[in-house]
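Notes follow the structure.
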Amino acid sequence: MRYWLMKSEPSDVSIDDLAGFENQTVDWYGVRNYQARNFMRDQMQVGDGVLFYHSNCDEPGIAGIAEVATLAYPDRLQFIEGHKYFDPKATPETPRWFNVDVKLVRKTRLLSLKEMRETPELENLRILQRGNRLSITPVDPRDWAFILEQLK
DNA sequence: GCCAACGTTGGC
DNA sequence: GCCAACGTTGGC
C-alpha cells in the first residue's frame, strides 16, 4: 500500500468533475513523462491512496481523497492519430504510455498550496520542493496521515 | 555521450 | 503573461 499525489488541472478534470463521472472514476490519461508513467506502471496497486491536487488554477491545492482503482494499462489516447496525446512511436503491440483508473473517495476542503507551504510538518513533501513539476509523486505515509488529519 | 535549443509545467 | 526549472530532442 502506497500513497500518491496526483495533479490535475481543474479546467480538464476537477474534483467535482470526478464526482460526477460514472463510478466516480476517471482514467488518468495524458501522462507523457517517463517518471510519472513508471510510478503508475511499476508501483501503483489497487487501493493505493491518492491526494487529488488541483494545479495550474486560481487556487492550487489538495481538493480531495481518491484511490487507485485499477492496475496500469495502455493509455488509449496514444493511438488516436491527430489527438493531442497521440504518440507516433507507440503501437498497440508496444505501447509507450500507461494509466491507472482513479476513483473518488471523498471531496475535502481545499488544502491550499499556500497553507501547505506554511505548515512546517509538510516541509518534505515532494510537491513543495523547489522546481518540482512531476504530475505524480509518492507521498510518505506519515505525510499522508498528517494531511488526512488536516482534511477531517 | 554531450549539450544547445527547444518545449512544457505551473506558480505567481 | 512571465519566467524559473526541468525534460526531451537531435546534431555531432
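Residue 21 in UniProt numbering sits at position 21 of the first sequence, and the numbers go up by one each step. Positions of the beta carbon are idealized from the N, C-alpha and C atoms, including for glycine. Computed from a predicted model, the values in this text were never measured in an experiment.
Whole-angstrom distance between residue j and residue i, CA atom to CA atom
i      : j      : result
Met116 : Leu77  : 34 Å
Ala90  : Ala145 : 39 Å
Gln24  : Gln45  : 18 Å
Lys114 : Asp58  : 12 Å
Ser55  : Glu93  : 33 Å
Ala132 : Phe21  : Strictly speaking, residue 132 in this sequence is Asn, with Ala absent from that position. So the two alpha carbons sit approximately 29 Å from each other.
Ser112 : Arg130 : 17 Å
Ala63  : Glu81  : 33 Å
Pro120 : Lys107 : 24 Å
Residue i - containing beta strand (DSSP E), residue span
i     : result
Lys84 : That residue, Lys84, is in no beta strand (DSSP E); it is neither H nor E in DSSP.
Contacting residues, own chain, Cβ-Cβ under 8 Å from residue i (five flanking each side not counted)
i     : result
Met40 : Trp28, Val31, Ala72, Phe98, Asn99, Val100, Ile136
Val13 : Val26
Residues near residue i by beta carbon distance below 7 Å, same chain, minus five either side
i      : result
Lys103 : Asn23, Gln24, Thr25, Ala66, Glu67, Ala69
Cutoff 6 Å; reference residue i; Cβ partners in own chain excluding five residues on either side
i     : result
Asp87 : Gln78, Arg96
What residue ranges within the UniProt domain "EVE" (2-149) form continuous alpha helix (DSSP H) runs of no fewer than 4 residues, ordered along the chain?
The UniProt domain "EVE" (2-149) contains these whole alpha helix (DSSP H) runs: 15-20, 34-38, 113-117.
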